[in-house]
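Read the structure below first, then the notes.
Number of protein chains: 4
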Amino acid sequence: MIWLKATCKLDFYMESTTPLVLMLRPRTGAQQWVASESYTLDPFVPMAEYTDIYGNLCQRLAAPLGNFSIQTSATVMTEYVVDRAPGAEFVDILSLPEEILAYLLPSRYCESDRFGDLAREITAGALLGYDQVLCIDDWVRNNIRYTPGSSPCPISATEVNQRGEGVCRDLAHLGVALCRSISIPARLVVGYLLGLQPMDLHAWFEAYVGGRWYTFDPTQKEIHGGRITVAYGRDAADVSIFHQFGAGDILSGMEVQVDLLPGAPG
Amino acid sequence: MIWLKATCKLDFYMESTTPLVLMLRPRTGAQQWVASESYTLDPFVPMAEYTDIYGNLCQRLAAPLGNFSIQTSATVMTEYVVDRAPGAEFVDILSLPEEILAYLLPSRYCESDRFGDLAREITAGALLGYDQVLCIDDWVRNNIRYTPGSSPCPISATEVNQRGEGVCRDLAHLGVALCRSISIPARLVVGYLLGLQPMDLHAWFEAYVGGRWYTFDPTQKEIHGGRITVAYGRDAADVSIFHQFGAGDILSGMEVQVDLLPGAPG
Amino acid sequence: MIWLKATCKLDFYMESTTPLVLMLRPRTGAQQWVASESYTLDPFVPMAEYTDIYGNLCQRLAAPLGNFSIQTSATVMTEYVVDRAPGAEFVDILSLPEEILAYLLPSRYCESDRFGDLAREITAGALLGYDQVLCIDDWVRNNIRYTPGSSPCPISATEVNQRGEGVCRDLAHLGVALCRSISIPARLVVGYLLGLQPMDLHAWFEAYVGGRWYTFDPTQKEIHGGRITVAYGRDAADVSIFHQFGAGDILSGMEVQVDLLPGAPG
Amino acid sequence: MIWLKATCKLDFYMESTTPLVLMLRPRTGAQQWVASESYTLDPFVPMAEYTDIYGNLCQRLAAPLGNFSIQTSATVMTEYVVDRAPGAEFVDILSLPEEILAYLLPSRYCESDRFGDLAREITAGALLGYDQVLCIDDWVRNNIRYTPGSSPCPISATEVNQRGEGVCRDLAHLGVALCRSISIPARLVVGYLLGLQPMDLHAWFEAYVGGRWYTFDPTQKEIHGGRITVAYGRDAADVSIFHQFGAGDILSGMEVQVDLLPGAPG
Numbered sequence: 123m124i125w126l127k128a129t130c131k132l133d134f135y136m137e138s139t140t141p142l143v144l145m146l147r148p149r150t151g152a153q154q155w156v157a158s159e160s161y162t163l164d165p166f167v168p169m170a171e172y173t174d175i176y177g178n179l180c181q182r183l184a185a186p187l188g189n190f191s192i193q194t195s196a197t198v199m200t201e202y203v204v205d206r207a208p209g210a211e212f213v214d215i216l217s218l219p220e221e222i223l224a225y226l227l228p229s230r231y232c233e234s235d236r237f238g239d240l241a242r243e244i245t246a247g248a249l250l251g252y253d254q255v256l257c258i259d260d261w262v263r264n265n266i267r268y269t270p271g272s273s274p275c276p277i278s279a280t281e282v283n284q285r286g287e288g289v290c291r292d293l294a295h296l297g298v299a300l301c302r303s304i305s306i307p308a309r310l311v312v313g314y315l316l317g318l319q320p321m322d323l324h325a326w327f328e329a330y331v332g333g334r335w336y337t338f339d340p341t342q343k344e345i346h347g348g349r350i351t352v353a354y355g356r357d358a359a360d361v362s363i364f365h366q367f368g369a370g371d372i373l374s375g376m377e378v379q380v381d382l383l384p385g386a387p388g
Numbered sequence: 123m124i125w126l127k128a129t130c131k132l133d134f135y136m137e138s139t140t141p142l143v144l145m146l147r148p149r150t151g152a153q154q155w156v157a158s159e160s161y162t163l164d165p166f167v168p169m170a171e172y173t174d175i176y177g178n179l180c181q182r183l184a185a186p187l188g189n190f191s192i193q194t195s196a197t198v199m200t201e202y203v204v205d206r207a208p209g210a211e212f213v214d215i216l217s218l219p220e221e222i223l224a225y226l227l228p229s230r231y232c233e234s235d236r237f238g239d240l241a242r243e244i245t246a247g248a249l250l251g252y253d254q255v256l257c258i259d260d261w262v263r264n265n266i267r268y269t270p271g272s273s274p275c276p277i278s279a280t281e282v283n284q285r286g287e288g289v290c291r292d293l294a295h296l297g298v299a300l301c302r303s304i305s306i307p308a309r310l311v312v313g314y315l316l317g318l319q320p321m322d323l324h325a326w327f328e329a330y331v332g333g334r335w336y337t338f339d340p341t342q343k344e345i346h347g348g349r350i351t352v353a354y355g356r357d358a359a360d361v362s363i364f365h366q367f368g369a370g371d372i373l374s375g376m377e378v379q380v381d382l383l384p385g386a387p388g
Numbered sequence: 123m124i125w126l127k128a129t130c131k132l133d134f135y136m137e138s139t140t141p142l143v144l145m146l147r148p149r150t151g152a153q154q155w156v157a158s159e160s161y162t163l164d165p166f167v168p169m170a171e172y173t174d175i176y177g178n179l180c181q182r183l184a185a186p187l188g189n190f191s192i193q194t195s196a197t198v199m200t201e202y203v204v205d206r207a208p209g210a211e212f213v214d215i216l217s218l219p220e221e222i223l224a225y226l227l228p229s230r231y232c233e234s235d236r237f238g239d240l241a242r243e244i245t246a247g248a249l250l251g252y253d254q255v256l257c258i259d260d261w262v263r264n265n266i267r268y269t270p271g272s273s274p275c276p277i278s279a280t281e282v283n284q285r286g287e288g289v290c291r292d293l294a295h296l297g298v299a300l301c302r303s304i305s306i307p308a309r310l311v312v313g314y315l316l317g318l319q320p321m322d323l324h325a326w327f328e329a330y331v332g333g334r335w336y337t338f339d340p341t342q343k344e345i346h347g348g349r350i351t352v353a354y355g356r357d358a359a360d361v362s363i364f365h366q367f368g369a370g371d372i373l374s375g376m377e378v379q380v381d382l383l384p385g386a387p388g
Numbered sequence: 123m124i125w126l127k128a129t130c131k132l133d134f135y136m137e138s139t140t141p142l143v144l145m146l147r148p149r150t151g152a153q154q155w156v157a158s159e160s161y162t163l164d165p166f167v168p169m170a171e172y173t174d175i176y177g178n179l180c181q182r183l184a185a186p187l188g189n190f191s192i193q194t195s196a197t198v199m200t201e202y203v204v205d206r207a208p209g210a211e212f213v214d215i216l217s218l219p220e221e222i223l224a225y226l227l228p229s230r231y232c233e234s235d236r237f238g239d240l241a242r243e244i245t246a247g248a249l250l251g252y253d254q255v256l257c258i259d260d261w262v263r264n265n266i267r268y269t270p271g272s273s274p275c276p277i278s279a280t281e282v283n284q285r286g287e288g289v290c291r292d293l294a295h296l297g298v299a300l301c302r303s304i305s306i307p308a309r310l311v312v313g314y315l316l317g318l319q320p321m322d323l324h325a326w327f328e329a330y331v332g333g334r335w336y337t338f339d340p341t342q343k344e345i346h347g348g349r350i351t352v353a354y355g356r357d358a359a360d361v362s363i364f365h366q367f368g369a370g371d372i373l374s375g376m377e378v379q380v381d382l383l384p385g386a387p388g
């Protein structure tokens with residue numbers, strides 16, 4: 123059990139008033155406890171908060187003309203070691219909890235309806251369940267070059283597979299698409315990872331086997347925890363730290379920091 | 123106000139026990155009242171019912187080896203004339219009801235993130251809102267040939283646009299993608315349409331303008347009602363009358379019938 | 123596994139237009155499958171349907187001046203034998219599913235905050251869990267005289283306990299209050315019971331032990347199934363087959379029928 | 123628009139491990155924006171967070187043997203002036219949003235089914251809607267003596283009315299029961315009030331008229347804002363800052379502080 127403090131600062135320059143939907147407030151969940159959390163807008167503008175279909179806390183606001191920045195921070199308890207479960211079993215479709223079923227369907231950037239053959243080939247011979255996901259995770263790591271910064275706009279799993287390289291989100295999308303194509307529920311996670319080089323917001327994926335979600339990260343050879351989930355969903359279409367309505371390149375700067383705290387916060 | 127009776131019979135042949143998720147029970151909603159409804163399985167197998175993230179009633183079951191059929195019927199009150207609202211205004215992102223926001227996002231078969239330029243061209247000069255959707259609806263009708271039966275697997279809006287032809291679902295997907303790309307919420311509807319030639323299950327789309335959902339159908343020159351909504355969602359990935367888990371062509375027959383009843387059912 | 127057909131006819135006479143909320147449409151659930159179902163209003167008036175906080179399907183309408191009737195029927199598969207589980211364990215508060223927690227709280231007609239001493243006395247020596255509920259069920263059956271028709275308005279568990287007699291709903295309320303007072307989740311069920319004498323809508327309760335809901339009915343010495351759940355909730359304040367807004371005695375007649383069908387409906 | 127910082131410290135002494143459900147994390151809502159927030163346990167114990175049926179964020183944990191304390195703080199933007207709307211209209215039952223309907227039903231401490239006659243007498247001659255609630259608010263203020271500290275356990279509206287005095291929660295319960303008895307949705311609010319004497323957590327009520335919730339507080343002659351909503355629900359059965367499972371007096375101390383900040387937090 124470790125304590126992390128994560129901060130994220132987004133600087134925008136708006137050429138016109140622009141509606142934004144933001145997803146930057148981590149919530150307490152199965153694997154993390156949010157002890158404190160702050161959210162600062164400069165200049166301050168009114169905003170509304172709502173919970174989306176996946177349970178993420180979202181903010182909706184009209185970003186004003188000119189400079190605008192959002193700074194968030196969170197102090198969170200989590201684990202440094204990621205749970206692993208070789209042998210954890212495939213969950214039969216009829217036994218999946220209802221709220222998991224949506225994570226079996228193809229989505230914008232995870233065209234799982236097109237990956238069945240590849241996934242069966244990759245996982246041939248593996249025990250059904252966790253071990254299949256391990257095969258997929260390894261395959262993505264070995265076949266898609268992880269190139270931070272290479273893909274400003276999200277591309278889909280099919281495109282990632284063709285290009286053979288991508289950012290963390292792209293590798294995760296491909297992992298998700300492959301899992302779903304063999305009826306294993308999978309979802310994209312956006313969050314913070316302690317020690318990530320270069321430091322940035324990160325994306326990885328979770329697969330549902332053996333009755334719970336497990337963490338996989340094709341960008342990391344030796345997976346470790348120290349992760350804070352900010353939001354999760356079917357893919358990056360649903361999970362965007364900010365979604366702007368209207369064209370233009372509005373983000374002028376972004377700083378992310380994740381620190382290990384020496385002990386529990388007072 | 124008219125009364126319709128719709129029936130749908132699906133015949134399957136299973137080479138092995140196959141999990142199915144079905145969406146075939148219409149529910150009472152803003153524009154229809156379900157007075158009676160039945161659902162018969164032959165042979166009978168146990169099933170579980172749940173409500174998905176869009177509010178559709180879904181059934182989950184293991185279809186047994188061999189012949190298996192599902193027959194559903196519903197008696198529904200609805201309108202013959204579809205509401206139209208030229209001039210109905212675009213709803214600002216900040217004013218949309220929370221539950222509508224998901225219908226702005228790109229989805230598996232509606233890559234709205236790739237259609238902004240085309241949508242702006244198609245709707246150039248139109249009043250923001252309903253009139254833009256009319257332009258989109260007309261453009262799809264005039265540019266994509268409606269060819270019932272041409273596309274057994276769903277293809278995406280990008281593919282539909284390239285092919286220049288498609289089934290009802292394809293035309294609806296393209297309409298949805300175009301609407302969302304200019305920040306108008308849109309969703310796919312699957313249901314029954316009185317008088318459809320050839321009779322089959324049908325798909326169309328709805329767009330949210332002027333504070334409510336309006337019906338559009340690019341397959342019909344003179345749009346009319348007599349529609350029963352069976353399910354709606356972001357696209358056909360979410361709204362499938364049956365979703366099978368496991369490969370193979372299992373549907374061996376399908377019959378759909380929609381009749382106008384002379385009066386209210388006793 | 124048996125098939126039942128239940129019908130309920132409510133006749134009203136309204137002295138003025140009266141808003142009604144109705145709860146008369148059984149839904150498929152853990153222990154029943156609704157194969158067909160119908161709902162007829164005479165005269166027909168527009169209505170809206172919604173799902174309440176407990177998952178019940180409710181109808182809202184303005185009942186018109188004069189005679190008004192509602193007739194519903196449902197064909198449902200259920201079990202004739204009620205599951206029993208002596209020894210099923212008390213579920214620790216921290217292990218209860220989230221959606222069950224509300225059923226631990228006191229409610230309008232189940233003042234569980236006032237029954238702790240009595241419940242501990244009644245259940246003294248019993249294994250924690252199912253066996254405690256059996257003690258409560260027996261105690262209510264032996265101490266509160268079941269008198270169909272004796273209590274037109276709902277009275278609370280405290281009042282029932284003082285009077286020493288009540289209708290089915292009253293006995294169920296007392297059972298619920300006693301269970302909750304020792305931290306066992308409990309809820310009121312309204313529905314049909316095959317063979318009930320005199321035939322009427324019925325009420326019983328369920329308690330959550332051993333990881334699921336179990337059925338208890340203090341009005342019946344030898345409990346059997348053949349039950350169709352129409353609605354459930356914390357107590358009769360939430361679960362009323364009709365709730366009128368405005369004073370006056372509007373119900374002029376009610377007929378309930380429950381038949382055993384010889385086989386599965388075609 | 124003002125900025126408040128509120129802190130609450132609860133000290134417990136447990137004679138045995140005790141399950142607790144807590145409701146102490148204010149959320150951003152229609153009338154407040156939570157800019158930062160913290161939650162500290164001493165000693166730290168694992169906990170799970172969930173959202174209840176009213177949208178409140180709840181924590182569930184096992185409080186350990188011995189001393190245990192919880193300290194929470196929140197920095198919140200709100201208004202100093204409470205919105206008033208004389209003349210705002212009664213909302214017809216058929217026009218109420220679905221999620222509001224539960225606030226019309228009687229509940230544990232608000233037996234609205236017993237207050238119709240009194241409410242009609244109190245509100246005789248008033249315009250339907252906001253003005254009726256004003257009459258109720260005044261009547262409670264003038265007829266029930268506000269006596270902080272007089273009632274450690276919640277008592278119901280009927281009991282409050284008989285006693286003629288009560289704590290803030292009691293007056294609010296009576297206000298709620300009277301509103302609901304004339305079909306005006308009403309709910310209990312628990313939160314902080316700037317300047318409250320003596321400082322403590324506070325309770326008041328909201329009524330739904332003219333299409334939104336309005337604030338009423340029978341303990342205050344000149345109502346003002348500076349309020350932070352921590353939780354709301356049908357009554358104190360649902361809205362308890364802490365709910366213990368198991369008997370015994372566990373709270374050994376409580377400190378509440380609410381400060382006006384000079385400007386927006388950096």
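Chains as they are written, first to last, in my numbering: chain A, 123 to 388; chain B, 123 to 388; chain C, 123 to 388; chain D, 123 to 388. Note that the Cβ used here is the ideal one computed from N, Cα and C, for glycine as well. These numbers come from a predicted model, not from an experiment.
Item checked: Nearest-angstrom beta carbon gap, His-365(B) and Val-143(B) [assumed within contact, 8 Å] -> Residue 143(B) sits at position 21 when you count from the first residue of the second sequence. Residue 365(B) sits at position 243 when you count from the first residue of the second sequence. Taking the Cβ atoms as the reference, Val-143(B) lies roughly 4 Å from His-365(B), within the contact range of under 8 Å.
Notebook entry, point to check: Of all the CB atoms in chain B, is at least one closer than 8 Å to the CB of Glu-211(C)?
Noted result: For this step, residue 211(C) is matched to residue 89 along the third sequence. False, the Cβ-Cβ gap to chain B never drops below 8 Å.
Check: For Thr-162(C), which of Ser-158(B), Pro-165(B), Leu-163(B) has the nearest alpha-carbon?
Finding: The residue you call residue 162(C) lines up with position 40 of the third sequence. That would be Ser-158(B), whose Cα lies nearest to the Cα of Thr-162(C).
Check: In chain order, which beta strand (DSSP E) runs of at least 3 residues are fully inside the segment 174–211 of chain D?
Finding: Within the segment 174–211 of chain D, complete beta strand (DSSP E) segments of at least 3 residues are found at 179–185, 188–200, given in chain order.
Next item on the list: Determine, using beta carbons only, whether Arg-285(B) and Arg-356(B) come nearer to each other than 8 Å.
Entry: What you label residue 285(B) is simply residue 163 of the second sequence in a count that begins at 1. What you label residue 356(B) is simply residue 234 of the second sequence in a count that begins at 1. For Arg-285(B) and Arg-356(B), no; Cβs fall outside 8 Å.
Note to self: Output needed for Met-321(A): all residues of its chain with C-beta closer than 8 Å, excluding positions within five of it in sequence on either side, in chain order.
What the structure shows: For this step, residue 321(A) is matched to residue 199 along the first sequence. If the five residues before and after Met-321(A) are omitted, its C-beta is found closer than 8 Å to the C-beta atoms of Val-378, Gln-379, Val-380, all from its own chain and listed in chain order.
Next item on the list: Look up Ser-158(C) in the DSSP assignment and give the residues it is bridged to.
Entry: Taking the third sequence and counting its residues from 1, one reaches residue 158(C) at position 36. For Ser-158(C), which the question treats as bridged, DSSP gives the partners Ser-160(B), Thr-197(C).
Margin query: Using only CA atoms, which one of Arg-291(C), Cys-301(C), Glu-344(C), Leu-318(C) lies nearest to Tyr-354(C)?
Written below: By one-based count along the third sequence, residue 354(C) stands at place 232. Nearest Cα to Tyr-354(C) within the set Arg-291(C), Cys-301(C), Glu-344(C), Leu-318(C): Arg-291(C).
Item checked: CB contact below 8 Å: Met-169(A) versus chain D -> Mapped onto the first sequence, residue 169(A) falls at position 47. Closer than 8 Å: yes.
Next item on the list: Taking only beta carbons into account, state which residues of the segment 293–305 of chain C come closer than 9 Å to chain D, listed in chain order.
Entry: Shown in chain order are the members of the segment 293–305 of chain C whose Cβ falls below 9 Å from a Cβ of chain D: Ser-305.
Notebook entry, point to check: Where in the segment 214–242 of chain A do unbroken runs of the alpha helix (DSSP H), each at least 4 residues long, occur, reported from the N-terminal end onward?
Noted result: Inside the segment 214–242 of chain A, DSSP marks no whole alpha helix (DSSP H) run of 4 or more residues.
Notebook entry, point to check: Counting only runs that start and end within the segment 280–333 of chain C, where is the beta strand (DSSP E) found for 3 or more residues in a row?
Noted result: Listed in chain order, they are 308–315, 324–331.
Next item on the list: Compile a chain-ordered list of the residues in the segment 246–264 of chain C whose CB is closer than 7 Å to at least one CB of chain G.
Entry: No chain G is present in this structure, whose protein chains are A, B, C and D.
Notebook entry, point to check: Can you list the residues of chain B that Arg-230(A) reaches, using a CB-CB cut of under 7 Å?
Noted result: Your numbering for residue 230(A) matches position 108 in the first sequence. Near Arg-230(A) (Cβ distances below 7 Å), the residues of chain B are Pro-228, Ser-229, Arg-230, Glu-233.
Checklist line | Those residues which DSSP pairs with Tyr-336(A) across a bridge | finding: The residue labelled residue 336(A) in the question sits at position 214 within the first sequence. For Tyr-336(A), which the question treats as bridged, DSSP gives the partners Ala-329(A).
Checklist line | Own chain partners of Asp-205(A) with C-beta closer than 8 Å, once the 5 adjacent residues on each side are dropped | finding: In the first sequence, the residue the question calls residue 205(A) occupies position 83. Excluding residues within five positions, the ones whose Cβ falls inside 8 Å are Tyr-336, Thr-337.
Next item on the list: Could you tell me the distance, in whole angstroms, from the CA atom of Asp-371(C) to the CA atom of Phe-190(C)?
Entry: One-based indexing of the third sequence puts residue 371(C) at position 249. One-based indexing of the third sequence puts residue 190(C) at position 68. So the two alpha carbons sit approximately 13 Å from each other.
Check: Which residues bound the alpha helix (DSSP H) around Arg-263(B)?
Finding: To locate residue 263(B), count along the second sequence from 1; it is residue 141. From DSSP, the alpha helix (DSSP H) with Arg-263(B) extends over 252–265.
Check: the segment 173–194 of chain D: which residues have C-beta closer than 9 Å to a C-beta of chain C, in chain order?
Finding: Listed by position along the chain: Thr-173, Asp-174, Ile-175, Tyr-176, Cys-180, Arg-182, Leu-183, Ala-184.
Check: Which of the three DSSP states, helix, strand or coil, is assigned to Ile-350(A)?
Finding: On the first sequence, residue 350(A) is found 228 positions in, with the first residue counted as 1. Looking at Ile-350(A) - three-state DSSP - the assignment turns out to be strand.
Margin query: Within a Cβ cutoff of 7 Å, which residues of the same chain sit near Ile-350(D), ignoring the five residues on either side of it in sequence?
Written below: On the fourth sequence, residue 350(D) is found 228 positions in, with the first residue counted as 1. Only Leu-126, Ala-128, Pro-148, Gln-154, Ala-196, Val-198, Thr-200, Gly-313, Tyr-314 meet the Cβ criterion.
Notebook entry, point to check: Residues bridged to Lys-343(A) by DSSP?
Noted result: Locating residue 343(A) in the first sequence gives position 221, counting from the first residue. None; Lys-343(A) has no bridge partner.
Next item on the list: Give the straight-line distance between the Cα atoms of Gly-238(A) and Ile-304(A), rounded to the nearest whole angstrom.
Entry: Taking the first sequence and counting its residues from 1, the one referred to as residue 238(A) is at position 116. Taking the first sequence and counting its residues from 1, the one referred to as residue 304(A) is at position 182. Between the C-alpha atoms of Gly-238(A) and Ile-304(A) there is a straight-line separation of about 6 Å.
Note to self: Taking the alpha-carbon of Ala-359(A) as reference, which of Pro-219(A), Pro-141(A), Pro-276(A) has the nearest alpha-carbon?
What the structure shows: Residue mapping note: residue 359(A) aligns to position 237 of the first sequence, counting from 1. For the residues Pro-219(A), Pro-141(A), Pro-276(A), the minimum Cα distance to Ala-359(A) belongs to Pro-276(A).
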